[in-house]
Amino acid sequence: MSRTFTLVDALALGDLHVFLGRAQRVDDGSVRLIAGSGVLAVYVSVLHPIGLLDHTPTVLGLRTFAISGSDTFDAVVPVRSLLMRIESLVEAPRESKDVAVTVSLPIEVNTVTWAAISPPRGGWLALEDISGSLIDSVARAGIDEVAGVIPAGTGEQIVHQVRSQVWGRSIDGYDHVPAGAAFAALSLGFVHEGDSVAVFESGAWTRLTTRRGHVLVKRRAWSLSS
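Using my numbering, read the sequence shown as starting at 13 and increasing by one per residue.
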């Protein structure tokens, strides 16, 4: 397995740096990197269940980047460690922004449950688009609700329960899309108020897509569409 990947230029490095920085503020955990056929797919978790009885939907963010060479791997690494490596490369002097940049992988982790769940690569059915303004308002309302319900010093388990309840609710008029998908789109910088967000469905998965990235949602079994 390759232990490095090579982004095509410094602009791509900067985009990856911003994306991972946003992801770390949401969940300072791990990132899944899948390289192949000249593309690096970068998955991060915004929400995921903890334990078998947890009904929190799995909500992932995805950005793809062009890479040069024949790097091929599927690795899960700490987002903080990868960010540190990328930050050092961002700050390094270079003669041109058009020069390819090689990034080495940190040591892998093997205990990340959400990373074992792979969204489908095909079979997506287009559904009705959602306005970016609705995504924005749902996300901000949820953020305010979570902040208002959870007092300072609240235990981690209660925090998770509150976030699960708020972000697990469906968006009004879109039963197949939980509010957590809106939270992911806003937090990861994928949506602006004037955008139109494309929505797709494949089996138990729903995908929200903008030109800035994708949000992938694995719904709870009872909420699957017939």
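In this text, a Cβ means the ideal position worked out from N, Cα and C, and glycines have one as well.
#### Entry: Whole beta strand (DSSP E) elements within the segment 40 to 126, 3-residue minimum
DSSP assignment within the segment 40 to 126 yields the following whole beta strand (DSSP E) runs of 3 residues or more, N-terminal first: 42 to 48, 51 to 59, 70 to 80, 85 to 90, 113 to 116.
### Query
Whole-angstrom Cβ separation of residue 68 and residue 59, contact assumed at under 8 Å?
The beta-carbon separation of residue 68 and residue 59, rounded to 6 Å, stays under the 8 Å limit for a contact.
### Query
What does residue 225 pair with, by DSSP beta-bridge criteria?
In the DSSP output, where bridge partners are listed per residue, residue 225 has 222.
#### Entry: Whole-Å CB distance - residue 214 paired with residue 132, under 8 Å assumed
Confirmed, about 5 Å.
### Task
May I ask you to report which of helix, strand or coil DSSP gives residue 162?
Residue 162 falls in the coil class under three-state DSSP.
### Query
Among residues of its own chain, excluding the 5 on either side of residue 234, which ones have a beta-carbon nearer than 6 Å to its beta-carbon?
Caution applies to residue 234, whose pLDDT of 47 falls short of 50 and renders its modelled position unreliable; the value that the coordinates give is listed next. Closer than 6 Å at the Cβ level, and outside the excluded window around residue 234, lies no residue.
### Message
If you measure between the beta carbons of residue 183 and residue 191, is that distance less than 8 Å?
### Response
Going by C-beta atoms, residue 183 is nearer than 8 Å to residue 191.
### Query
Between residue 11 and the rest of its own chain, which residues show a CB-CB distance below 7 Å, the 5 nearest in sequence each way excluded?
Absent from the structure is residue 11, since the part of the chain shown begins at 13 and ends at 238.
### Query
Of the choices 104, 57, 89, whose alpha-carbon is the least far from that of residue 199?
Of the listed residues, the one whose Cα sits closest to residue 199 is 57.
### Task
Could you check what DSSP says for residue 129 in three-state terms: helix, strand or coil?
If DSSP states are grouped into helix, strand and coil, residue 129 belongs with coil.
### Task
Tell me whether residue 211 sits in a helix, a strand or coil according to DSSP, three-state version.
Three-state result, residue 211: strand.
### Query
What do you get for residue 238, buried or exposed, if any count of 16 or more other CB atoms within 10 angstroms of its CB means buried?
Residue confidence is low: residue 238 scores 37 on pLDDT, short of 50, so the model does not pin down where it sits. Its coordinate-derived value is still stated next. When all chains shown are included, residue 238 counts as exposed.
### Task
Please confirm whether residue 16 and residue 116 have their CB atoms less than 8 Å apart.
Contact: yes.
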